[in-house]
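For the sequence shown, my numbering begins at 96 and goes up steadily by one.
Accompanying notes for the structure given below.
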Amino acid sequence: MIDPITALAGIQSAISMVKKAAKVANDLGSLAPMIGKMFDAKSTATKALIEAKKGKGNGSNMGTALQIEMALEQARAFEEELKMLFMTTGKVDVWQKIKERQAQMDLDDARELRALQKAEKKAKEKAAEMQELAMIIGGCAFVMFLVFIGIYELMEFCATTRRCGR
């Protein structure tokens with residue numbers, strides 16, 4: 096797991112790198128790898144902060160919320176700058192295609208996550224069912240063992256006293 100502070104610094108570093116490259120780049124296509132890295136850094140930072148929060152005890156809620164929101168606000172502002180860059184270069188259609196592709200990929204990710212959660216839930220249910228079955232079999236075996244011991248003791252009693260029944 097990556098440290099949330101490092102992940103947030105990664106967003107800031109990626110944004111500044113893209114801004115510097117944008118000043119000297121001839122076209123937007125040459126910026127694509129750096130822009131992609133910036134959005135990867137944003138995603139990594141968000142996941143790192145969520146994981147860090149799951150760990151609890153890693154600072155205050157206010158501090159974590161502040162870090163998350165400041166980094167995401169910086170990324171949102173950069174995305175607006177990027178959108179304006181596409182518009183000023185006459186590539187609005189490309190920006191629209193990028194946003195459509197992003198929405199489709201987000202939808203696919205959500206579907207995949209739901210499928211994974213469903214499979215995980217099913218596996219847990221199966222494990223619980225198997226554990227319940229094992230407990231039932233174990234309980235039945237224990238009762239059978241006690242019955243066997245009881246019958247054995249009764250037979251021994253009958254053999255030693257030569258008296259069984261009436």
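Virtual Cβ for every residue (Gly too), placed ideally from N, Cα, C.
Inset, instruction - Check whether the stretch 104–113 touches the stretch 128–144, counting contact only when three or more Cβ pairs, one atom from each stretch, lie closer than 8 Å. - result: yes
Legend entry - Contact belief for residue 110 with residue 173 at Cβ below 8 Å, rounded distance in angstroms: As a first step, residue 110 is located in the sequence shown; it is residue number 15 there, counting from the start. As a first step, residue 173 is located in the sequence shown; it is residue number 78 there, counting from the start. With 8 Å as the limit, residue 110 and residue 173 qualify as a contact, their Cβ atoms being about 5 Å apart.
Inset, instruction - Under the assumption that residue 166 contacts residue 127 (Cβ atoms under 8 Å), give the Cβ distance between them as a whole number of angstroms. - result: Here residue 166 corresponds to residue number 71 of the sequence shown, with the count starting at 1. Here residue 127 corresponds to residue number 32 of the sequence shown, with the count starting at 1. No, residue 166 and residue 127 are not in contact; Cβ-Cβ is about 22 Å, not under 8 Å.
Inset, instruction - Answer yes or no: the CB of residue 195 versus the heavy atoms of the ligand HEM, is any distance below 7 Å? - result: Summarising the ligand content, the structure contains no ligands, and the ligand HEM is consequently not present.
Inset, instruction - Could you give the DSSP three-state label for residue 184: helix, strand or coil? - result: As a working mapping, residue 184 is identified with position 89 in the sequence shown. Coil, per DSSP.
Legend entry - Neighbour-count burial assignment, residue 219, 16 or more Cβ in a 10 Å radius: By one-based count along the sequence shown, residue 219 stands at place 124. Residue environment for residue 219: exposed (fewer than 16 other C-beta atoms within 10 angstroms of its C-beta).
Legend entry - Coarse secondary structure for residue 257, derived from DSSP in three states: Taking the sequence shown and counting its residues from 1, the one referred to as residue 257 is at position 162. Correct three-state label for residue 257: coil.
Inset, instruction - Check whether the Cβ atoms of residue 137 and residue 170 lie closer than 8 Å to each other. - result: Position 42 of the sequence shown, counting from 1, holds the residue named residue 137. Position 75 of the sequence shown, counting from 1, holds the residue named residue 170. Their beta carbons are under 8 Å apart, which means residue 137 touches residue 170 by this criterion.
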